[in-house]
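Notes for the one structure printed next.
Residue numbers (my numbering), protein chains in the order written: chain C, 1 to 116; chain W, 1001 to 1117.
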């Protein structure tokens, strides 16, 4: 089945540690996105990527890093510089150019990160 | 500036009641797209509908209907004869291909709908 997978579903991290969240899609989509969701809040864009080896900062990129070495993969690293990393992280993808904003985004099941 | 407001934080209804979720948006662009997504307790967002700024026709899909009014910058979502399975958080979102958001989605804060049996 085509879709987006995120792993792990739950992740616990000690303060000061970096952690990487996985996102893989087999939809052959060009654009991929990472969002952060906090309780009672909408989704906020962290990073997005239109093509392999290219990515752009979203609204809240500080303390995060990404890579896009393969079309189907867009991992997110939460670094120790992120002051309040406990949140629900959602990965998404869409067909075509990021500016083709007509295209809906497809979302993965999310990863819930908790900093201990 | 672009903005999406969902003023209703939580709504609770009894099964079979009709319920309307409000969405008001702000944009300076004449070309834009509006979306509704559903987030069930499992967490994954599910796409429900897309509407472009040039199409003000209302849409009905089964028990779901959407009312788009440019005059009031609103894109409201109505569920008729609600069911327990409709319980979820619903997000309204705006996308502008040529605006400051560069085509990315701007989400409202969501409305949590609880449908009780």
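The beta-carbon is built from N, C-alpha and C at its ideal position, and this holds for glycine as well.
Given residue 1086(W) as reference, the closest of 1040(W), 1003(W), 1022(W) once Cα atoms are compared: Residue mapping note: residue 1086(W) aligns to position 86 of the second chain, counting from 1. The shortest C-alpha separation from residue 1086(W) is found at 1040(W).
Local conformation of residue 67(C) per DSSP, three classes: Along the first chain, one-based indexing puts residue 67(C) at 67. Residue 67(C) falls in the coil class under three-state DSSP.
Segment contact, 8 angstroms Cβ cut-off, at least three pairs: the segment 1065-1081 of chain W with the segment 2-9 of chain C: no
Own chain, CB closer than 7 angstroms to residue 1117(W), minus 5 neighbours either side, in chain order: Taking the first residue of the second chain as 1, we reach residue 1117(W) at position 117. The answer, listed in chain order, is 1015, 1084.
Interface residues of the segment 42-73 of chain C facing chain W [CB-CB below 9 angstroms]: 42, 43, 44, 45, 48, 56, 58, 59
Closer than 9 angstroms to chain W by CB, residue 106(C): Along the first chain, read from residue 1 onward, the residue named residue 106(C) stands at position 106. It does; some Cβ of chain W falls within 9 angstroms.
9 angstroms Cβ cutoff, residue 81(C) in contact with chain W: Locating residue 81(C) in the first chain gives position 81, counting from the first residue. Not one chain W Cβ lies under 9 angstroms of residue 81(C).
Where residue 1073(W) sits in the DSSP three-state scheme: Counting from one through the second chain, the residue named residue 1073(W) turns up at place 73. Coil.
Buried or exposed by the 16-neighbour rule on C-beta atoms within 10 Å, applied to residue 2(C): Taking the first chain and counting its residues from 1, the one referred to as residue 2(C) is at position 2. Answer is exposed; the Cβ neighbour count stays below 16.
Beta carbon proximity, residue 92(C) to chain W, threshold 9 angstroms: In the first chain, residue 92(C) corresponds to position 92, counting from 1. Residue 92(C) counts as touching chain W.
Cβ separation of residue 144(C) and residue 1043(W), assumed to be a contact under 8 angstroms, to the nearest whole Å: Since the displayed chain C opens at 1 and closes at 116, residue 144(C) lies outside it and no answer follows.
Minimum Cβ-Cβ distance from residue 85(C) to chain W less than 9 angstroms: In the first chain, counting from the first residue as 1, residue 85(C) sits at position 85. Residue 85(C) does not count as touching chain W.
Unbroken beta strand (DSSP E) run spanning residue 1005(W), endpoints: By one-based count along the second chain, residue 1005(W) stands at place 5. Unbroken beta strand (DSSP E) run through residue 1005(W): 1003-1005.
Simplified DSSP state of residue 1085(W), which is helix, strand or coil: In the second chain, the residue the question calls residue 1085(W) occupies position 85. Reduced to three states, the DSSP call for residue 1085(W) is helix.
Residue 92(C), enclosing beta strand (DSSP E) - first and last residue: Here the question's residue 92(C) lines up with position 92 in the first chain. 87-94 is the extent of the beta strand (DSSP E) around residue 92(C).
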